[in-house]
Structures are given as structure tokens and as C-alpha cells.
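Chains as they are written, first to last, in this note's numbering: chain A, 46 to 205; chain B, 46 to 205. Just so you know, even glycine gets a beta-carbon here, dropped at the ideal spot from N, CA and C. Quick caveat, the model's predicted, so the values are computed rather than measured.
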DNA sequence: TTTTTAGTTTTGAAATAAAAGAACTAAATT
DNA sequence: AATTTAGTTCTTTTATTTCAAAACTAAAAA
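Structure follows, in C-alpha cells:
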């Protein structure tokens, strides 16, 4: 079992901080965001509940909530080892792919909202309606092209 | 000057509500999000401070803050008319294009964070490092392809 | 000059959210 | 059976956010 006081070097600390800010902006709580940041650079890349409370200096309750919410969002997953009761947590690399999928669902939702707005609007203000229509088009293009980029990449990946 | 009690029909109200939820998820406050929702379907597509307080039933202070924060984020812009002291607000269609640019800056930031994590990590845990590297690749591809999609669309647009 | 208009800023209340800490629980160990 | 481990859940504290209401301000109109 590692010492609770085990700490990170400056570069790692700054990295955790930076990823923390990034994912806070994306809607995670500060602690969840820092857990993700730390797990990206942790060695080994899986860390126990206990290690996380120690290295991030937060309460058990807070880590428990953070880990469970991250598990539920599939940012992380857990692994276990025979003869060790503890659960270890690591970032779910597949989910980082899913992030991209979420992002293209954003384009779809956006396109849909713009469709609906055009249905609602009269056809006065033609110029404004035209602008909305153009943007709708662009979101539609994204919606169509992004999956292609992903599946292209997936195909190349298999041929490694 | 329009009556303060002017109200929306059900469909419009639901639309405002829906866009409201959507943009709240993206980090706007409820009132800001509803302002955006309303401006998308408002006729005319520009609306005054006073009209917004009336139709959305919120205080002047709240609208003032909402409008200023939306202006700063460039979700909206204001227009004026000669002989009318009031400022009118409308959604900034250019910014909806910028949203996409913001989104591809996301891919760049993400790619950058993954680069840095690979620098920090030792080359033990080769498999995990390999996974991170692959994801980094994909984000890199997005970072490169999205601008192409946008400029393609911009080219077609001019040729209308 | 006084009043009105078109907002802004300040104040404060209410709601919500994040996290600490303590009490709890279920499984494993002794 | 008693204790330890590995967490979870509950309670409380603190901080932050969101908004209404009222006080304020600067420009325009009367």
C-alpha cells in the first residue's frame, strides 16, 4: 500500500490542473475533472480509491461521488485483480471516442432546432431566414461528415 | 411600442423552452438561454430590451445581465435604427458559424492535452500509451478535417 | 431646466452545488 | 465472533449562481 502523502511533481500537478479546468468547462465538478486529469498521467494507469484520496487530498465521500459519476458517464471504468479486494479505476479510452460521437449528436440536435425554427417562422424577414437556412445546411454537413471521419479512422486502425 | 403583455403561442413557447434547455446544457444561464431561443423565432428577428422583459417576464436587471453576457460571447449583436434610441438585439448568425470553430478548437485543445500526457508518461504501460496515442490521432484528424468542411461550405455559399 | 427614457449597477434573498466529515454497511480477514 | 477493509450514504457547511427589486445614471425630450 502506498503512502498517503505520495505527491506529484510540478509538471504533473500542472497537467492535472490544466485538464481539470478543461473538463470543468465541459461540465464536470472540480474533483471529477481532476480525477480524470490524474488518471491520464498516472503510472500505473489504474489507481485505487485510496490512492486517489491521498494524491488529490480529498475526502472519501467526495471521491466516492466523483468516481461513481465518472463511471456512470463512462469517462472511466474499473478493473480488479485476483487476490486484491480493491477496485482500480482507469480512463475509458473507448469513451474518448464516444466524446466525438456525442459531439456529432450536438450537430444533429442543432440542425434539428434550426429546422424547427424555420418551420415556425413566417417567410417575412427573408434575409434572416436565409441565414438560418445556411447555418442549418452547415450543421447538416457536419452531421453527415463526422461519422465518415470516424469510420475512416476506425478502418485504418484495424489495418495497423 | 408593443404591449408588454404580448405573448407567444404554444408552439413558440415550447420552442423557447427547448432551445433554453439545450443552451443551458451548453453553459448559459436559464434567462440567457431563453433569450437566444426567443430571438431565433422572433418576428421581427430583432427585439428591444423592453420587449424581451415583457415577453419573457423577467426583470430589467436580469435581461440587462443576460444581454450583456450574450453580447460578450457574441451569441447576439445589437442593431439600431435612426430616430429610435432603443437598441435591438438579434442572434449573430456569424457566431453560429463560430460555434463550429469553437468546436474544432476543442479538438485542438484535446489533441494538445493528449500530446502533453504522452510526453509526461514513461514508456511503461505501452498498451495504454498506445490507446492514448490512437485517440490523439483521431482528434488530430478532426482538427485537420473540420476546417476543410467549413471552407468547402463557405466556397459553395459564395457561388449561390 | 425638469422629466422621461433606456438602460446599468447594486443589494439581497433564495436556490443550488460542491465538498468535508461522520455515521453507516457489507464483505473479507483474523 | 470480532475486527478490519473498502467503500457508500447522510448531514452539515460553505460557496456560488441566479434572479428580482430598487437605486442609480446618462442621454434625450419636453
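Would you call the CB atoms of residue i and residue j closer than 7 Å?
| i | j | result |
| --- | --- | --- |
| residue 85 of chain B | residue 136 of chain B | yes |
| residue 134 of chain B | residue 188 of chain B | no |
| residue 141 of chain A | residue 180 of chain B | yes |
| residue 90 of chain A | residue 170 of chain B | yes |
Buried or exposed: which applies to residue i, given that a residue is buried once 16 or more other Cβ atoms fall within 10 Å of its Cβ?
| i | result |
| --- | --- |
| residue 62 of chain A | exposed |
| residue 92 of chain A | buried |
| residue 55 of chain A | exposed |
| residue 162 of chain B | buried |
| residue 175 of chain A | exposed |
| residue 65 of chain B | buried |
| residue 126 of chain A | exposed |
| residue 57 of chain B | buried |
| residue 117 of chain B | exposed |
Alpha carbons only, please: which of the options is nearest the one belonging to residue i?
| i | options | result |
| --- | --- | --- |
| residue 145 of chain A | B:148, B:113 and B:167 | B:148 |
| residue 81 of chain A | A:88, A:72, A:68 and A:89 | A:68 |
| residue 183 of chain B | A:192, A:167, A:132 and A:116 | A:192 |
| residue 185 of chain A | B:178, B:190 and B:198 | B:198 |
| residue 139 of chain A | B:168, B:177 and B:130 | B:177 |
| residue 52 of chain B | B:71, B:72 and B:87 | B:87 |
| residue 132 of chain B | B:201, B:95 and B:203 | B:95 |
| residue 115 of chain B | B:72, B:173 and B:200 | B:72 |
| residue 112 of chain B | B:128, B:83 and B:129 | B:83 |
Can you find a heavy atom of the ligand PLP that lies under 6 Å from the Cβ of residue i?
| i | result |
| --- | --- |
| residue 83 of chain B | In the structure shown, the ligand PLP is absent, as is every other ligand, since no ligand is present at all. |
- Message: Does the structure place the stretch 158-169 of chain A close enough to the stretch 117-129 of chain A that three or more beta carbon pairs sit under 8 Å?
- Response: By the Cβ rule, the stretch 117-129 of chain A does not count as touching the stretch 158-169 of chain A, because fewer than three pairs are nearer than 8 Å.
- Query: Would you say the stretch 102-118 of chain A touches the stretch 69-81 of chain A, given that touching needs at least three Cβ pairs under 8 Å?
  - Reply: yes
- Can you list the beta strand (DSSP E) stretches of 3 or more residues lying completely in the stretch 149-202 of chain A, in chain order? none
- Within the stretch 59-121 of chain B, ranges of the alpha helix (DSSP H) (whole runs, at least 4 residues): 75-86, 94-101 and 105-117
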